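Before any comments, here is the structure.
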Amino acid sequence: MTADPFDRPNFYAGGPLDRLAHRRGEAAWIAELLAAPTTRLLPVWRSQNLVIPGEAPAAAWLPAAEAGALIEGAAALAFLGTIEGVAHFAVEISHHDDPAPVAALAPAAGFSDLRAVGPLLDRAEGSLLAYARGLMHWHARHRFCGVCGQPTVAIDAGHARRCTDAACAAQHFPRTDPAVIMLVHDGDRCILGHQSQWPPGMHSVLAGFVEPGESLEEAVRREVAEEVGVAVRDVRYRSSQPWPFPASIMLGFTARAVTTAIATSPAEIETARWYSRDELRHSPENEGFRLPRRDSIARRLLEDWLAEGN
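Under our numbering, the first residue of the sequence shown is numbered 12, with each subsequent residue one higher.
Here it is, written out as structure tokens:
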């Protein structure tokens, strides 16, 4: 029997946040939260999060009551939800050329790329920073209406934008791009590939974006065929992961190979081959060969498959 993926969430998922979506339209309530002394601001500067560095880095936040000017000058502000009754807001400050004065509002903090510290963060904090990063990225890239080109304004506590042209008034909502990621196996072996833009030696399972008019299962079969020329069946869902780099939801699957000859497409993947469980269990993790990063669902798919072979 397959375990419930919710029992073991992937990195950047499974946080304790209560999003309280039904209250986002209550402007007076949102204003009360912003004035509360316990409310926390999570600033995002050019897709970087505020983090306290160290061997065990931690998410940094600013007291809303002490950062009023930051709120007033922010390019975007969004209510994320509450944790044990404490409100959390994401705030976009990319208009600052130098983020150091903002970082100085939190002791020993600095702005970092979430991908650099994500695997070391507490899981709950990582999910919160990922949420803030993804939502602020969307705001930064949707300041104008995609229908008529006029400026947009944030509504619903930062979870939608509306065109300022009364004749248009189109509403726009945060987008999440679905991508399938799949471990292709023949029972005792699986396929790993390397793309030219990846770090030296890094290998991973196959992945690709879902196209319009396509089911997830169809996307799995198409992507595998395009990348390595292998036909698959028994496409089975395993778990999912928000991946705000910049705005994806990774939908994890396994698939059993019907054919085994690999023919890579240079436009899709540089190299790929079959690997046995024994090879992967003894991965050298160096520039010659390494497994996917530990905060990725690719690593989760591999680890689950390796465990099933015990």
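Note that CB positions come from ideal geometry on N, CA and C, so glycine has one too. Please read all numbers here as calculations on a predicted model, not as lab measurements.
In whole angstroms, give me the CA-to-CA distance for residue i and residue j.
{"i": "ARG305", "j": "ARG311", "result": "8 Å"}
{"i": "GLN161", "j": "CYS174", "result": "6 Å"}
{"i": "VAL55", "j": "GLU225", "result": "34 Å"}
{"i": "ALA272", "j": "VAL97", "result": "55 Å"}
{"i": "ARG247", "j": "PHE264", "result": "5 Å"}
{"i": "LEU88", "j": "ALA190", "result": "27 Å"}
{"i": "ALA242", "j": "ALA236", "result": "6 Å"}
{"i": "TRP316", "j": "ALA111", "result": "44 Å"}
{"i": "ALA318", "j": "ARG292", "result": "10 Å"}
{"i": "PHE184", "j": "HIS150", "result": "10 Å"}
{"i": "HIS196", "j": "PRO74", "result": "49 Å"}
{"i": "MET12", "j": "SER250", "result": "Note that MET12 scores a pLDDT of 41, beneath 50, so its modelled location is shaky and nothing firm can be said."}
{"i": "CYS159", "j": "ARG152", "result": "15 Å"}
{"i": "GLN182", "j": "SER294", "result": "49 Å"}
{"i": "GLY198", "j": "LEU313", "result": "13 Å"}
{"i": "ARG288", "j": "ALA120", "result": "41 Å"}
{"i": "ALA309", "j": "ASP108", "result": "35 Å"}
For residue i, which of helix, strand or coil comes out of DSSP?
{"i": "TYR286", "result": "strand"}
{"i": "TRP254", "result": "strand"}
{"i": "ASP29", "result": "strand"}
{"i": "VAL235", "result": "helix"}
{"i": "ILE82", "result": "helix"}
{"i": "MET12", "result": "Only weak support is given to the placement of MET12: the predicted model assigns it a pLDDT of 41, under 50, and the value that follows is read from those uncertain coordinates. Three-state DSSP puts MET12 in coil, outside helix and strand."}
{"i": "ARG19", "result": "coil"}
{"i": "LEU125", "result": "helix"}
{"i": "GLY169", "result": "helix"}
{"i": "LEU227", "result": "helix"}
{"i": "GLU298", "result": "coil"}
{"i": "PRO210", "result": "coil"}
{"i": "ALA69", "result": "strand"}
{"i": "ALA6", "result": "There is simply no residue 6 to check, as the chain begins at 12 and stops at 321 in what is shown."}
{"i": "ARG304", "result": "coil"}
{"i": "PRO130", "result": "helix"}
{"i": "ARG292", "result": "helix"}
Report back the beta-carbon spacing between residue i and residue j to the nearest angstrom; my notes put them in contact at under 8 Å.
{"i": "PRO6", "j": "TYR23", "result": "There is no way to answer for residue 6, as the model of the chain reaches only from 12 to 321."}
{"i": "LEU132", "j": "ALA85", "result": "So it is not a contact: roughly 24 Å between Cβ atoms."}
{"i": "LEU91", "j": "ALA32", "result": "With 8 Å as the limit, LEU91 and ALA32 do not qualify as a contact, their Cβ atoms being about 11 Å apart."}
{"i": "ILE192", "j": "MET147", "result": "So it is not a contact: roughly 24 Å between Cβ atoms."}
{"i": "GLY240", "j": "ALA274", "result": "3 Å"}
So, residue i versus residue j, is the Cβ gap smaller than 8 Å?
{"i": "ARG172", "j": "ALA165", "result": "yes"}
{"i": "ALA11", "j": "LEU61", "result": "The chain is shown only over 12 to 321; residue 11 falls outside these bounds and no answer can be derived."}
{"i": "TRP72", "j": "ALA117", "result": "yes"}
{"i": "LEU81", "j": "ILE104", "result": "yes"}
{"i": "ARG232", "j": "TYR286", "result": "no"}
{"i": "PRO68", "j": "VAL128", "result": "yes"}
{"i": "SER215", "j": "LEU203", "result": "yes"}
{"i": "THR50", "j": "PHE100", "result": "yes"}
{"i": "PRO27", "j": "ALA135", "result": "yes"}
{"i": "PRO211", "j": "GLU298", "result": "yes"}
{"i": "ARG244", "j": "VAL221", "result": "no"}
{"i": "THR282", "j": "HIS205", "result": "yes"}
{"i": "ARG35", "j": "ALA230", "result": "no"}
{"i": "ALA258", "j": "ARG186", "result": "yes"}
Assuming residue i is part of the beta strand (DSSP E), what are its boundary residues?
{"i": "ASP315", "result": "Counting along the chain, ASP315 falls outside any beta strand (DSSP E), though it belongs to the alpha helix (DSSP H) covering 308 to 319."}
{"i": "PRO54", "result": "51 to 56"}
{"i": "GLU103", "result": "97 to 103"}
{"i": "HIS106", "result": "Note, HIS106: premise wrong, no beta strand (DSSP E); not H, not E."}
{"i": "ASP188", "result": "188 to 196"}
{"i": "VAL216", "result": "Per DSSP, VAL216 belongs to no beta strand (DSSP E) and is neither H nor E."}
{"i": "ILE92", "result": "The sequence shown places Gly at residue 92, rather than the Ile named in the question. That run of the beta strand (DSSP E) goes 87 to 94."}
{"i": "CYS201", "result": "200 to 205"}
If I follow the unbroken alpha helix (DSSP H) through residue i, where does it start and stop?
{"i": "GLY137", "result": "134 to 151"}
{"i": "GLU37", "result": "Looking at the DSSP string, GLU37 is not in any alpha helix (DSSP H), and its letter there is neither H nor E."}
{"i": "ALA47", "result": "Careful: ALA47 lies outside any alpha helix (DSSP H) and carries neither H nor E."}
{"i": "PRO392", "result": "Coverage of the chain is limited to positions 12 through 321, which leaves residue 392 absent and any answer about it impossible."}
Against chain D, with Cβ distances strictly below 8 Å, would residue i count as a contact?
{"i": "ALA318", "result": "In the structure shown, chain D does not exist; there is a single protein chain."}
What I want to know is whether the C-beta of residue i ends up closer than 7 Å to one or more non-hydrogen atoms of the ligand MG.
{"i": "ILE94", "result": "By its list of ligands, the structure shown contains no ligand whatsoever, and the ligand MG lies outside what it can speak to."}
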